[in-house]
Each structure stands twice: as C-alpha cells, then as structure tokens.
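In what follows, a structure is listed as structure tokens, so that the remarks can point back to it.
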Amino acid sequence: MPQPKLDIAVDDEYELFLARRRRDIVARLCAAASRAGRDASEVGMLAVSKTVEPEAVLRAWRAGWRAFAENRPQELTRKLAFVDAEALPEMAGARFDAIGNLQKNKINQVIGKVGLLHSVSSADLAAAVSSRCEARGIVQDCLLEVNVSGEESKSGFSPDEARAAAESLAALPAIRVRGLMTMAPRGDADAARRAFSGLRELARELEGRTGLELPVLSCGMSDDFEVAVEEGSTLVRLGRIVFDPAYALS
105 MPQPKLDIAV DDEYELFLAR RRRDIVARLC AAASRAGRDA SEVGMLAVSK TVEPEAVLRA
165 WRAGWRAFAE NRPQELTRKL AFVDAEALPE MAGARFDAIG NLQKNKINQV IGKVGLLHSV
225 SSADLAAAVS SRCEARGIVQ DCLLEVNVSG EESKSGFSPD EARAAAESLA ALPAIRVRGL
285 MTMAPRGDAD AARRAFSGLR ELARELEGRT GLELPVLSCG MSDDFEVAVE EGSTLVRLGR
345 IVFDPAYALS
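For the sequence shown, this note's numbering gives the first residue as 105, with consecutive numbering after it.
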C-alpha cells in the first residue's frame with residue numbers, strides 16, 4: 105500500500121524531536137529485551153525512511169540513527185545520491201537496507217548498494233538476484249521473506265516452501281542467506297506474537313536441517329516491535345514511530 109509523505113519541516117526542533125523519540129524507543133526496546141532475558145545489544149534498529157525527505161534522514165543521523173531502510177528502489181537511489189552529494193563525510197558509514205517487494209526489473213538498482221535485501225520472497229527471485237550479482241562479481245546478503253501468518257495479502261515463502269527451498273537457495277553462488285523476515289497481522293498482538301515466535305522456530309529448524317547459520321530475524325515494526333523483541337527479533341524496522349511527531353506513544 106502506498107505510504108503518504110509526511111509533511112514535516114526539517115529544522116532544529118525536529119532534530120530534537122528525533123533524538124528524544126529515539127531515546128524513548130531505545131528505552132522500550134531495552135525493557136522488552138529485559139522481559140525476555142535478552143541483552144538489548146542483540147537487537148538492531150532500522151529507521152524506515154521511506155516516508156521522509158533526504159534532509160530528514162540527515163537529521164535522524166545526527167539524532168543517533170545509523171541504519172535506514174527504503175522499500176522502493178528509486179527512493180533508495182535518491183537517498184543514496186543525497187548522502188553522496190550533500191552529507192558526506194558526516195554520514196560516512198550509514199547503512200541502507202532494502203525492504204518491500206522487489207520486482208526483477210529493479211534488481212540492479214538495489215544489489216551492491218544495501219546492507220541487507222530483506223524481501224527475497226520466492227525461489228525465482230532469489231535465482232534472479234544471484235544471477236545479477238554473479239554478473240557483477242558481488243555477493244549480496246539477503247533475508248528470506250516468510251509469510252508465517254499465512255495471510256493472502258502478504259507475499260513470501262510459506263514455512264513449508266522455505267523448508268523445501270532452503271538448501272537450494274543456500275547453494276546459489278552470489279547471494280548469502282543471513283536469516284528470515286516476516287510481517288505480522290496488524291492490530292492483533294496475539295497473532296503478532298505467534299508470527300514472530302513462528303519465525304524464530306523456523307529459523308532454528310532450518311539451521312538444524314541444513315547447517316545454515318541464520319542469525320538475523322527481521323521482524324517488528326512501529327506498532328509491534330516490543331512483542332517482536334520478546335520473541336527473538338534481532339532487527340526491528342521502525343518508520344512512523346521514528347519520524348512522525350503525530351505518532352502517539354501508548
């Protein structure tokens with residue numbers, strides 16, 4: 105679903121908001137990790153910058169964010185061009201990940217530019233990404249998108265499809281499968297918990313069956329990241345809670 109652009113003026117007051125909001129997010133993440141007996145340092149955070157202008161990304165960097173995510177290749181290109189032209193060396197080392205559905209004709213706009221490609225949603229897409237990477241002499245770190253909840257509106261491997269394809273995907277020469285990604289049903293905390301715990305259990309099962317190391321579990325967004333952390337997420341994807349002052353912390 106297309107996301108509305110946030111109408112935000114980027115100024116010093118907004119930068120202060122970003123810093124204060126980040127502090128609140130970190131406190132919540134730490135509390136969730138503590139409830140699960142985990143170390144909060146095990147959980148990375150992505151600021152999903154798809155709804156904001158490049159200047160807001162720079163402000164977020166100054167507020168302490170170091171990793172960002174985009175769901176459209178053209179917007180990823182625009183943000184990276186801004187960093188190269190305007191912000192370096194200040195933003196040297198900034199990481200951008202690719203989230204969201206990836207069409208095969210957009211692969212070349214993403215590979216080699218992102219830390220992680222989160223949404224390898226089919227064996228055909230995995231093979232296409234590997235082929236394009238091999239032609240360019242690179243290896244791309246990827247996550248398998250798994251539709252744990254079984255919702256028809258969501259893309260990704262079913263758990264059984266992931267089980268069947270895991271070894272063949274691991275053998276592709278120019279992608280490196282680093283873990284799994286999922287999205288939970290919206291507005292249902294119990295269903296979200298089942299989806300996140302299911303992703304964790306599937307990852308451990310695939311590790312045992314294939315010998316793969318799958319350390320990354322990308323799950324949890326603005327409305328459910330605390331539940332995700334409690335259930336084993338190692339990477340949360342946070343958008344409106346990071347950038348939108350109108351997003352109310354409950």
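Note that beta-carbon positions come from the ideal geometry of N, C-alpha and C, so glycine has one too.
These figures come from a predicted structure and were not determined experimentally.
Sequence-distant residues of the same chain with beta carbon closer than 8 angstroms to residue i, five excluded per side
i, result
"residue 147", "133, 137, 333, 337, 338, 339 and 340"
"residue 293", "328 and 331"
"residue 165", "191, 194, 195 and 198"
"residue 111", "For residue 111, the predicted model reports a pLDDT of 44, less than 50, meaning its position is unreliable and no value from the coordinates is stated."
"residue 216", "237, 240, 242 and 244"
"residue 232", "208 and 211"
"residue 200", "171, 172, 173, 174, 180, 183, 184, 217, 218 and 219"
Nonlocal neighbours in the same chain, by C-beta distance under 7 angstroms from residue i, ignoring five residues either side
i, result
"residue 297", "331 and 335"
"residue 212", "236"
"residue 255", "289"
"residue 175", "154, 203 and 204"
Buried or exposed by the 16-neighbour rule on C-beta atoms within 10 Å, applied to residue i
i, result
"residue 196", "exposed"
"residue 284", "buried"
"residue 353", "exposed"
"residue 194", "exposed"
"residue 205", "exposed"
"residue 228", "exposed"
"residue 151", "buried"
"residue 143", "exposed"
"residue 145", "exposed"
"residue 125", "buried"
"residue 272", "exposed"
"residue 128", "exposed"
"residue 177", "buried"
"residue 188", "exposed"
"residue 113", "Confidence at residue 113 is low in this model, with a pLDDT of 48, below 50, so its placement is unreliable and the value that follows should be read with caution. So residue 113 ends up on the exposed side."
"residue 260", "buried"
"residue 270", "buried"
"residue 230", "buried"
Separation of residue j from residue i, as counted between CA atoms
i, j, result
"residue 276", "residue 234", "6 angstroms"
"residue 342", "residue 218", "17 angstroms"
"residue 302", "residue 190", "42 angstroms"
"residue 185", "residue 168", "21 angstroms"
"residue 300", "residue 326", "14 angstroms"
"residue 248", "residue 158", "28 angstroms"
"residue 208", "residue 225", "11 angstroms"
"residue 154", "residue 173", "7 angstroms"
"residue 253", "residue 295", "8 angstroms"
"residue 161", "residue 258", "28 angstroms"
"residue 278", "residue 170", "26 angstroms"
"residue 351", "residue 313", "42 angstroms"
"residue 181", "residue 345", "23 angstroms"
"residue 123", "residue 349", "12 angstroms"
"residue 214", "residue 321", "21 angstroms"
"residue 319", "residue 220", "13 angstroms"
"residue 140", "residue 130", "15 angstroms"
"residue 282", "residue 291", "29 angstroms"
"residue 156", "residue 347", "8 angstroms"
Close Cβ partners of residue i (< 6 angstroms) along its chain, the five nearest in sequence each way excluded
i, result
"residue 268", "none"
"residue 323", "286, 300, 303, 332 and 337"
Limits of the beta strand (DSSP E) - the one that residue i falls within
i, result
"residue 200", "199 to 202"
"residue 172", "171 to 174"
"residue 245", "244 to 249"
"residue 223", "221 to 224"
"residue 151", "148 to 152"
"residue 320", "320 to 322"
"residue 315", "That residue, residue 315, is in no beta strand (DSSP E); it is neither H nor E in DSSP."
"residue 284", "279 to 285"
Residue i, enclosing alpha helix (DSSP H) - first and last residue
i, result
"residue 194", "Premise fails: residue 194 is in no alpha helix (DSSP H) and is neither H nor E."
"residue 235", "227 to 240"
"residue 129", "116 to 139"
"residue 345", "344 to 347"
Proximity test, Cβ basis, 9 angstroms: residue i and chain B
i, result
"residue 184", "In the structure shown, chain B does not exist; there is a single protein chain."
Closer than 8 angstroms is the cut-off here; do at least three beta carbon pairs connect the stretch 117 to 128 with the stretch 297 to 309?
no
Is it a yes or a no for the stretch 228 to 239 touching the stretch 251 to 268, going by three-plus beta-carbon pairs under 8 angstroms?
no
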